[in-house]
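As structure tokens, the structure follows; a few thoughts come after it.
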Amino acid sequence: FPSDTGLRRQWEVAIRREGFVVTESSKLCSEHFKPDDFDRTGQIVRLRDGATPSVFNFPCHLQR
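Under UniProt numbering, the very last position in the sequence shown is 64; numbers go up by exactly one each time.
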């Protein structure tokens, strides 16, 4: 999870888990990001600055 508090809050809202608290060991799978959210220009794949998770398979009652 990002160290920037504003971006971290965007991630928390995006994952829609009530009562979820980010810890130092919190992780989020790359499957929750669009392909263009990644910078693949070097040898290491990195998330682009400001990328927010947006790919989820929520149950119908949680869809927006």
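Yeah, the Cβ is synthetic: ideal placement off N, Cα and C, and Gly gets one too.
At least 8 Å separates the beta-carbon of R8 from that of V21.
For P35, the number of other beta carbons within 10 angstroms of its own is below 16, and it is reported as exposed. If you draw a straight line from the Cα of S26 to the Cα of F1, it comes to about 7 Å. Annotated as distal: F58 and H32, with beta-carbon spacing of 8 Å or more.
Looking at the backbone, the Cα of T5 and that of R40 are separated by about 25 Å.
DSSP places D4 outside both helix and strand once states are collapsed to three, so it counts as coil.
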